[in-house]
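**Student:** First to last, the protein sequences are chains A and B.
Under numbering that gives the first Met the number 0, think of the first position of the first sequence as 0, with each following residue one higher.
Under numbering that gives the first Met the number 0, think of the first position of the second sequence as 0, with each following residue one higher.
Note that CB positions come from ideal geometry on N, CA and C, so glycine has one too.
Below: one structure in structure tokens.
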Amino acid sequence: MVRRADMARRAPAVLALGRDAPSRFLPWVFALMVYLAVLALAGVLILHSAVDRWQRGEVGTLTLQLMPQKNESAGARIVLAEEILEGIGGVLEVRVVPQSESLALIERWLGVGNVPDDLPLPRLIDIDIAPGSGVNVESLEQRLGQSLPGISVDDAKAWLDRLADFGRSLELLAIAVVILIGLSAVATVVFTTRMGLSIHRDVIELLHLIGARDGYVAAQFQRQAMILGLRGGVTGIVFAVATLYGLRHVAGRLETPLAPEVPVAYWAWALLAAAPIITALIAMITARVTALRELGKMM
Amino acid sequence: MGPEVLHDVTFEINAGEFRYLVGPSGSGKTSLLRLLFLAQRPSRGLISIFGNDVMVAKQAELVGLRRKIGVVFQDYRLLGHLSALDNVALPLRVAGAKESEIQTHVSELLAWIGLADHIHALPESLSGGQKQRVAIARAVITRPRLLLADEPTGNLDEALGQHLIRLFEELNRIGTTVIFATHNKGLVARNPHPTLTLASGEIRAKKPPKKVPNNTLENTNGKAG
Numbered sequence: 000m001v002r003r004a005d006m007a008r009r010a011p012a013v014l015a016l017g018r019d020a021p022s023r024f025l026p027w028v029f030a031l032m033v034y035l036a037v038l039a040l041a042g043v044l045i046l047h048s049a050v051d052r053w054q055r056g057e058v059g060t061l062t063l064q065l066m067p068q069k070n071e072s073a074g075a076r077i078v079l080a081e082e083i084l085e086g087i088g089g090v091l092e093v094r095v096v097p098q099s100e101s102l103a104l105i106e107r108w109l110g111v112g113n114v115p116d117d118l119p120l121p122r123l124i125d126i127d128i129a130p131g132s133g134v135n136v137e138s139l140e141q142r143l144g145q146s147l148p149g150i151s152v153d154d155a156k157a158w159l160d161r162l163a164d165f166g167r168s169l170e171l172l173a174i175a176v177v178i179l180i181g182l183s184a185v186a187t188v189v190f191t192t193r194m195g196l197s198i199h200r201d202v203i204e205l206l207h208l209i210g211a212r213d214g215y216v217a218a219q220f221q222r223q224a225m226i227l228g229l230r231g232g233v234t235g236i237v238f239a240v241a242t243l244y245g246l247r248h249v250a251g252r253l254e255t256p257l258a259p260e261v262p263v264a265y266w267a268w269a270l271l272a273a274a275p276i277i278t279a280l281i282a283m284i285t286a287r288v289t290a291l292r293e294l295g296k297m298m
Numbered sequence: 000m001g002p003e004v005l006h007d008v009t010f011e012i013n014a015g016e017f018r019y020l021v022g023p024s025g026s027g028k029t030s031l032l033r034l035l036f037l038a039q040r041p042s043r044g045l046i047s048i049f050g051n052d053v054m055v056a057k058q059a060e061l062v063g064l065r066r067k068i069g070v071v072f073q074d075y076r077l078l079g080h081l082s083a084l085d086n087v088a089l090p091l092r093v094a095g096a097k098e099s100e101i102q103t104h105v106s107e108l109l110a111w112i113g114l115a116d117h118i119h120a121l122p123e124s125l126s127g128g129q130k131q132r133v134a135i136a137r138a139v140i141t142r143p144r145l146l147l148a149d150e151p152t153g154n155l156d157e158a159l160g161q162h163l164i165r166l167f168e169e170l171n172r173i174g175t176t177v178i179f180a181t182h183n184k185g186l187v188a189r190n191p192h193p194t195l196t197l198a199s200g201e202i203r204a205k206k207p208p209k210k211v212p213n214n215t216l217e218n219t220n221g222k223a224g
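If you want it as structure tokens, here you go:
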């Protein structure tokens, strides 16, 4: 009589693919690929968000230039500018740049001690504004320009635009790296599947002789590739997430408005977390297609 | 393409026959069997099995034909990591049978051939005779119409060989056509059946075929290169 435990047991794998050499190293190869791909993808997301912020002028720092006026003292103009700025909602901090700092900036070009005393130097005021407050170059020029003629506000847009272009180039490079990693994963699975077909050629011939279809044999390779892909993918994502948390911690200590933010949006993390599933799917489909193609050459 | 192993081989075997395939080592018995169990196609000639021309059969048709043929190999070809039960269950599993039916049928068959106590044993723990019985059970579990055996007693002692031939005769009695390749003349003499004799890749002597019904296995001038 057949025992209940026997009835419930699952059919074992016909091809002992788990004992092959590729089954030992493939999860680590997948782990490394997923680790690199996730870091590259995170790089894309970070750069994308940074470039977006730079282009929207949300960096949060503007510089006010007060040109000297014949009938007004610079000190009075600065005090008036500070008063007006403090009354604008969204202005977090106002810092008057000392004249010595402005001179130092000029001396880089003219040489130390070569700046003439009568050179009309503008006075600079750095302003930190709250992101999303709506305070920008145009609104500040409008508010200040009525009381303070000869004023200009600079948000370093041209420089930020060049930075954004560079960021976009890096984004494309990171996407290319992710694609290359994906292609490498496909090539690795093709190679290991062919190796498996070669190692188990005798058993595969036996399976054919007892009436197995190619799809039955291919399913064995497909299942094994999926397991290895998932195993490697999960290992890779664990290391990648740990690295990203470390980066986020370091980035948080930079205290500069230009520092890119490590993405915290749920959809971004969900995309990264899908990496093991995507890896398993790529491995599974590649193994099946490769196996079917090779089996089709056999009788 | 290598040298031609078989040439001028023409014969027909009717359904329900028991036929020995005899000849010295290297005479082409295994090559002929490989053609018959569809491990390879002939380089030229015609092989018709159950009315299907093997030369032009498509992959899906070959699968259907193979499921009607059971094969017993001299070296057993059992899968070392699978138990006796799982080895015998293979043809049923590849055909998509239900697991509950598989367990029942395989257990019954293993009990019938005297291996009830070795259902979960791996091949490495079985004796030569036990392995051969597992291989035979795997070949007949799907009740094939044709059973091909390549030197199934080659690795066994005389008593065990005699026991196995009784098993094949039993299967033949319940309707399975049997082709039994052997170079053991003593075995053939003790258990007489019509023979097909191969020598140097040619049929030297054969029993003239009777009437040829539809249910026929026919090899006309098939060549293996």
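For Leu205 (chain A), return the contacting residues in chain B, with the cut-off set at a CB-CB distance below 7 angstroms.
**Tutor:** For the purposes of this step, residue 205 (chain A) is taken as residue 206 along the first sequence, with counting starting at 1. Near Leu205 (chain A) (Cβ distances below 7 angstroms), the residues of chain B are Arg76.
**Student:** Are any of the Cβ atoms in chain B nearer than 8 angstroms to that of Gly214 (chain A)?
**Tutor:** On the first sequence, residue 214 (chain A) is found 215 positions in, with the first residue counted as 1. False, the Cβ-Cβ gap to chain B never drops below 8 angstroms.
**Student:** Count the other CB atoms, across all protein chains shown, that sit within 10 Å of the CB of Asp51 (chain A); report buried if there are 16 or more and exposed otherwise.
**Tutor:** Here residue 51 (chain A) refers to the residue found at position 52 of the first sequence. Exposed.
**Student:** Per the DSSP calculation, Ala180 (chain B) is bridged to which residue(s)?
**Tutor:** Position 181 of the second sequence holds residue 180 (chain B). For Ala180 (chain B), which the question treats as bridged, DSSP gives the partners B:Leu20 and B:Asp149.
**Student:** For Ile203 (chain A), I'd like the list of residues in its chain whose CB is within less than 7 angstroms of its CB, leaving aside the five on either flank, ordered along the chain.
**Tutor:** In the first sequence, residue 203 (chain A) corresponds to position 204, counting from 1. So the qualifying residues of the chain are Leu196 and Val216.
**Student:** Got a sec, what are the start and stop residues for the alpha helix (DSSP H) Ile203 (chain A) sits in?
**Tutor:** Here residue 203 (chain A) corresponds to residue number 204 of the first sequence, with the count starting at 1. Unbroken alpha helix (DSSP H) run through Ile203 (chain A): Arg200 to Leu208.
**Student:** Just to make sure I have the definition right: I need the residues of chain A whose C-beta is within less than 7 angstroms of the C-beta of Val93 (chain B). Which are they?
**Tutor:** One-based indexing of the second sequence puts residue 93 (chain B) at position 94. The answer, in chain order, is Leu206, Ile209, Gly210, Ala211 and Tyr215.
**Student:** Under 7 angstroms: does the beta carbon of Asn183 (chain B) sit that close to some heavy atom of the ligand HEM?
**Tutor:** Ligands displayed in this structure: none; no statement on the ligand HEM is therefore possible.
**Student:** Tell me the DSSP secondary structure of Glu293 (chain A) in three-state form.
**Tutor:** On the first sequence, residue 293 (chain A) is found 294 positions in, with the first residue counted as 1. Of the three classes helix, strand and coil, the one that applies to Glu293 (chain A) here is helix, per DSSP.
**Student:** What is the rounded straight-line gap between the Cα of Lys209 (chain B) and the Cα of Glu3 (chain B)?
**Tutor:** Working through the second sequence from its first residue, we reach residue 209 (chain B) at position 210. Working through the second sequence from its first residue, we reach residue 3 (chain B) at position 4. Residue confidence is low: Lys209 (chain B) scores 48 on pLDDT, short of 50, so the model does not pin down where it sits. No coordinate-derived value is stated.
**Student:** In whole angstroms, what is the alpha-carbon distance linking Gly224 (chain B) and Ala188 (chain B)?
**Tutor:** For the purposes of this step, residue 224 (chain B) is taken as residue 225 along the second sequence, with counting starting at 1. For the purposes of this step, residue 188 (chain B) is taken as residue 189 along the second sequence, with counting starting at 1. Only weak support exists for where Gly224 (chain B) lies, its pLDDT of 43 falling under 50; the value from the coordinates is given anyway. Whole-angstrom Cα-Cα distance: 32 angstroms.
**Student:** In or out: Ala273 (chain A) buried (at least 16 other Cβ within 10 Å) or exposed?
**Tutor:** As a first step, residue 273 (chain A) must be located in the first sequence, where it is residue number 274. Flag for Ala273 (chain A) reads exposed.
**Student:** Would you call the CB atoms of Ala136 (chain B) and Ile112 (chain B) closer than 8 angstroms?
**Tutor:** Start at 1 with the first residue of the second sequence, and residue 136 (chain B) comes out as number 137. Start at 1 with the first residue of the second sequence, and residue 112 (chain B) comes out as number 113. Yes, they are a contact pair.
**Student:** Under three-state DSSP, which class holds Ala198 (chain B)?
**Tutor:** By 1-based counting over the second sequence, the position of residue 198 (chain B) is 199. It is a strand residue.
**Student:** Between the alpha carbons of Asn190 (chain B) and His80 (chain B), how many angstroms are there, rounded?
**Tutor:** Within the second sequence, the letter at position 191 stands for residue 190 (chain B). Within the second sequence, the letter at position 81 stands for residue 80 (chain B). Their Cα atoms are separated by approximately 36 angstroms.
**Student:** Taking only three categories from DSSP, how would you classify Ile276 (chain A)?
**Tutor:** Start at 1 with the first residue of the first sequence, and residue 276 (chain A) comes out as number 277. In this structure, Ile276 (chain A) counts as helix in the three-state DSSP scheme.
**Student:** State the Cα-Cα distance for the pair Gly245 (chain A) and Ala129 (chain A), rounded to the nearest angstrom.
**Tutor:** Along the first sequence, read from residue 1 onward, the residue named residue 245 (chain A) stands at position 246. Along the first sequence, read from residue 1 onward, the residue named residue 129 (chain A) stands at position 130. C-alpha separation (whole angstroms): 27 angstroms.
**Student:** On the criterion of 16 or more Cβ atoms from any shown chain inside 10 Å, does Ile164 (chain B) qualify as buried, or is it exposed?
**Tutor:** Taking the first residue of the second sequence as position 1, residue 164 (chain B) is located at position 165. The residue in question, Ile164 (chain B), is buried, as its Cβ has 16 or more Cβ neighbours within 10 Å.
**Student:** How about Val189 (chain A): is its C-beta nearer than 8 angstroms to some C-beta of chain B?
**Tutor:** Position 190 of the first sequence, counting from 1, holds the residue named residue 189 (chain A). It does not; no Cβ of chain B falls within 8 angstroms.
**Student:** For the alpha helix (DSSP H) containing Phe238 (chain A), list its first residue and its last residue.
**Tutor:** As a working mapping, residue 238 (chain A) is identified with position 239 in the first sequence. Start and end: Asp213 to Gly251.
**Student:** Mind listing the chain A neighbours of Glu100 (chain B)? Cutoff is C-beta to C-beta under 8 angstroms, in chain order.
**Tutor:** For this step, residue 100 (chain B) is matched to residue 101 along the second sequence. Within 8 angstroms Cβ-Cβ: nothing; Glu100 (chain B) doesn't reach chain A, min ~10 angstroms.
**Student:** Taking only the alpha-carbon atoms, compute the straight-line gap between Ile150 (chain A) and Ala73 (chain A) and give it to the nearest angstrom.
**Tutor:** The count along the first sequence starts at 1 and reaches residue 150 (chain A) at position 151. The count along the first sequence starts at 1 and reaches residue 73 (chain A) at position 74. Roughly 12 angstroms separates the two Cα atoms.
**Student:** Closest Cβ-Cβ distance between Ala238 (chain B) and chain A: below 8 angstroms?
**Tutor:** This structure gives no information on residue 238 (chain B), because the portion of chain B shown stretches from 0 to 224.
**Student:** Buried or exposed, going by whether 16 or more other CB atoms sit within 10 Å of the CB of Phe167 (chain B)?
**Tutor:** In the second sequence, the residue the question calls residue 167 (chain B) occupies position 168. Buried, by the Cβ-count rule.
**Student:** Counting only beta-carbon separations shorter than 8 angstroms, does Glu3 (chain B) have a partner in chain A?
**Tutor:** Your numbering for residue 3 (chain B) matches position 4 in the second sequence. Answer no: the Cβ-Cβ gap between Glu3 (chain B) and chain A never drops below 8 angstroms.
**Student:** How should Lys97 (chain B) be labelled, buried or exposed, when 16 other C-beta atoms within 10 angstroms of its C-beta is the threshold for buried?
**Tutor:** To locate residue 97 (chain B), count along the second sequence from 1; it is residue 98. The residue is exposed, with fewer than 16 neighbouring Cβ atoms inside 10 Å.
**Student:** What residues are listed by DSSP as bridge partners for Asp125 (chain A)?
**Tutor:** Residue 125 (chain A) sits at position 126 when you count from the first residue of the first sequence. BP columns for Asp125 (chain A) point to A:Thr62 and A:Arg94.
**Student:** Report the rounded CA-to-CA distance for Ala134 (chain B) versus Lys184 (chain B), giving the unit in angstroms.
**Tutor:** For the purposes of this step, residue 134 (chain B) is taken as residue 135 along the second sequence, with counting starting at 1. For the purposes of this step, residue 184 (chain B) is taken as residue 185 along the second sequence, with counting starting at 1. The alpha-carbon atoms of Ala134 (chain B) and Lys184 (chain B) are separated by roughly 23 angstroms.
**Student:** Just the chain A side, please: which residues come within less than 9 angstroms of Arg66 (chain B) by C-beta, in chain order?
**Tutor:** On the second sequence, residue 66 (chain B) is found 67 positions in, with the first residue counted as 1. By Cβ distance, chain A contributes Ile209 and Gly210.
**Student:** For Pro143 (chain B) and Leu121 (chain B), I'd like the C-alpha separation in whole angstroms.
**Tutor:** Taking the second sequence and counting its residues from 1, the one referred to as residue 143 (chain B) is at position 144. Taking the second sequence and counting its residues from 1, the one referred to as residue 121 (chain B) is at position 122. Cα-Cα distance, rounded: 25 angstroms.
**Student:** How would you label Pro115 (chain A), buried or exposed, when you count the other beta carbons within 10 angstroms and need 16 or more for buried?
**Tutor:** For the purposes of this step, residue 115 (chain A) is taken as residue 116 along the first sequence, with counting starting at 1. It is exposed - the Cβ of Pro115 (chain A) has fewer than 16 other Cβ atoms within 10 Å.
**Student:** Just tell me which of B:Gly1, B:Leu84, B:Arg66 and B:Thr194 has its CA closest to the CA of Ala94 (chain B).
**Tutor:** Start at 1 with the first residue of the second sequence, and residue 94 (chain B) comes out as number 95. Nearest option by C-alpha distance: B:Arg66.
**Student:** Tell me, to the nearest whole angstrom, how far the beta carbon of Leu16 (chain A) is from that of Gln223 (chain A); I am working on the premise that it is less than 8 angstroms.
**Tutor:** Mapped onto the first sequence, residue 16 (chain A) falls at position 17. Mapped onto the first sequence, residue 223 (chain A) falls at position 224. At roughly 4 angstroms, the Cβ-Cβ gap stays under 8 angstroms, so Leu16 (chain A) and Gln223 (chain A) are in contact.
**Student:** Taking Cβ positions only, does Met283 (chain A) come closer than 8 angstroms to chain B?
**Tutor:** Mapped onto the first sequence, residue 283 (chain A) falls at position 284. Closer than 8 angstroms: no.
**Student:** Quick one: what's got a C-beta closer than 6 angstroms to Leu171 (chain A)'s C-beta in the same chain, skipping five residues either side?
**Tutor:** Locating residue 171 (chain A) in the first sequence gives position 172, where the first residue counts as 1. Hits under 6 angstroms: none found.
**Student:** Is there contact here, the region 29-37 of chain A with the region 275-292 of chain A, by at least three beta-carbon pairs under 8 angstroms?
**Tutor:** Touching, yes, given that three or more Cβ pairs across the two stretches are closer than 8 angstroms.
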